[in-house]
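This note's numbering puts the first residue of the sequence shown at 61, with every later residue one more than the last.
For each residue, glycine too, the CB sits at the ideal point set by N, CA and C.
Report on the following structure.
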Amino acid sequence: MPNPAKATAYQKVVAARNAYAEADAIADINLMALKTPEEGAKELSLTLTNAMHNQAMAPFWEAETALIAAERINKKSPAKIRLGDLNPGQPGSPRPDAPSRQPGR
């Protein structure tokens, strides 16, 4: 039986991928803003510090970390589970204390 948790985990991966793509675009815009000369400037004089770069890239790195975590959770989730594991105690589901059937008997 398909695992409902797997579907939920995959939805989180899709959402994380979308957030990652958006954060990538924002990081590009932030970096372009840092590299663009002021209006009316005759030459480009650029001073970019590590702190400025880190501030511009922070949303991207956060989204990347969230995407990696979502993909790991999705990978660990089994695609299918036994019906008895999904609805324990339901009629027709095997009892945990019931003896297993031996082949050929």
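Residue i versus residue j - alpha carbon distance
i, j, result
"Lys66", "Ala123", "21 Å"
"Lys135", "Pro119", "24 Å"
"Ala130", "Ala69", "7 Å"
"Asn114", "Leu108", "10 Å"
Close-in-space but distant-in-sequence residues of the same chain around residue i (CB under 7 Å, 5 per side omitted)
i, result
"Ala116", "Ala87, Asn90, Leu91, Leu94"
"Lys140", "Met61, Pro62, Asn63"
Other residues of its chain near residue i: CB distance less than 8 Å, five sequence neighbours each side excluded
i, result
"Asp84", "Phe120, Ala123"
"Leu127", "Val73, Ala76, Arg77, Ala79, Tyr80"
6 Å CB neighbourhood of residue i in its chain, flanking five on each side removed
i, result
"Leu104", "Pro97"
What are the uninterrupted segments assigned as alpha helix (DSSP H) that are 4 or more residues long and contained completely in the region 62 to 135, given in chain order?
64 to 95
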